[in-house]
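Numbering (the working numbering), first residue to last: 26 to 319. Glycine included, each C-beta is placed from N, C-alpha and C at the ideal position. Model, not experiment: these values are computed from the prediction. The block underneath contains the structure these notes are about, expressed in structure tokens.
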């Protein structure tokens, strides 16, 4: 595991002209890595703009204080760049990316380098399960109400976690471990966003054998129980390749007024995770929910 602080550099005037070439390079790198390690990458292209905006809602609908954000599975950095653009001085962003090629791309990203002064950015080239847990456990026991401080302050718990991991590619035990880990890493009342692609249950049934289909259904049931316990809302993003659904959840305890509406009741019924109906929630006056079902 390697962890390093990425130092900001003066604003780069050439960022705009480089954007299209960087985007093309990101798509090519993402496709290359997806073909090489699809189990870990989980998609053939980076997330689109609408999905990115849905995933960063907890950061754009923020309290009036510095916050700490953990992004897991950053890929080529489409969400990371958006986070870097909306974070404010005093905030901190910890990015975890296990793929060394993606991590190298993040180290050289001009948008991340030109972020606002006072926004601390740390990159860990490892799996989130490999982050040191001893300090996190100590923090959990001794600082239940702790919050992120200034850019130089150390804290191993987060106000927001944005997860880009492809849960339905993993074994149920691994998904359960990741979800439990996210809850431990979140501060009381902290929020988690993640996403899943639509139609994966049907696609898996048609393209895989009985064992893989059963594994996939077990993960879907696990995610459904997790959403029923902690879910705040979800948004269907049709303008994405493929279409996806973003989920917003909140850790128990310490519920803080972030200017958000009260969460709706969990959905009833036995619909699978990629067939569940959409729900509506308003964040700082902006809908994060698209209307209508599939």
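- With distances taken between CA atoms, residue 123 lies nearest to 189 out of 233, 260, 189, 204.
- In the DSSP assignment, residue 125 falls outside any beta strand (DSSP E) and lies within the alpha helix (DSSP H) extending over 125 to 132.
- Residue burial annotation: residue 96 is buried, with at least 16 other C-beta atoms found within 10 angstroms of its C-beta.
- Per DSSP, the continuous beta strand (DSSP E) segment holding residue 220 begins and ends at 211 to 222.
- For the 8 Å CB-CB criterion, residue 247 and residue 197 form a contact.
- Contact holds between the segment 261 to 279 and the segment 220 to 235, because three or more Cβ pairs, one in each stretch, are under 8 Å apart.
- Of the other Cβ atoms in all chains shown, fewer than 16 fall within 10 Å of the Cβ of residue 235; this residue is therefore exposed.
- For residue 145, the enclosing beta strand (DSSP E) stretches over residues 145 to 150.
- Closest by C-alpha distance to residue 226, out of 254, 256, 192, 76, is 192.
- Judged by DSSP in its simplified three-state form, residue 74 adopts helix.
- Counting C-beta atoms within 10 angstroms of its own C-beta, residue 30 has fewer than 16 neighbours from the protein chains shown and is therefore classed as exposed.
- Each residue's CA atom was taken as its position, placing residue 105 and residue 92 some 15 Å apart.
- Put simply, the backbone Cα of residue 263 is about 21 Å away from that of residue 256.
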